[in-house]
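**Student:** Quick one: the structure is below, and I'll ask about it shortly.
Numbering (the working numbering), first residue to last: 8 to 152.
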């Protein structure tokens, strides 16, 4: 994996303990620069949720964020991002589950007041959930911030 990250084919996202405010040494996730390469290597293209997460990760890096995978107790926050001493949290879901509040619940358990956003591909999910903006992935990608 080290050779693939050094050649910028994969990016490593270290885990970040939100409560302890520290980078963790285990449990990193890897994101590929080219999802077509991923699909060819794995022989599948059906997991749209993980592909969307991969795309959002690459865009966050392009926008200049330092990106981590968040850990809060046993819950995972897709991305904890730092830029210019500002922290932001992102959850990515291809579609928000009708029978589960996991995406927003994980963000609501974070007690600080930094910006939290849910990114989805389902236009029917767009809006606000308990004060957390839910944005369409394409709209978010087109806004260069």
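Beta carbons: idealized from backbone N, C-alpha and C, even for Gly.
Hey, residue 42 and residue 61: beta-carbon distance below 8 Å or not?
**Tutor:** In contact: residue 42 and residue 61 (Cβ atoms closer than 8 Å).
**Student:** As an exercise, report each continuous beta strand (DSSP E) stretch of at least 3 residues that is fully enclosed by the segment 85-113, in chain order.
**Tutor:** Counting whole runs of 3 or more residues, the segment 85-113 contains the beta strand (DSSP E) stretches 93-100.
**Student:** Skipping 5 residues on each side, what residues in its chain have a beta carbon closer than 6 Å to that of residue 136?
**Tutor:** Taken in chain order, the residues that qualify are 111.
**Student:** Kindly confirm or deny that the segment 14-30 and the segment 72-88 touch, where touching means at least three C-beta pairs closer than 8 Å.
**Tutor:** Segments in contact, yes.
**Student:** Within 10 angstroms of its Cβ, does residue 150 collect 16 or more other Cβ (buried), or is it exposed?
**Tutor:** Residue 150 comes out exposed.
**Student:** Tell me whether residue 169 sits in a helix, a strand or coil according to DSSP, three-state version.
**Tutor:** In this structure the chain extends from 8 to 152, so residue 169 is not present and cannot be described.
**Student:** Closest to residue 40 by CA distance: which of 109, 68, 77 and 98 is it?
**Tutor:** Considering only alpha carbons, the answer is 68.
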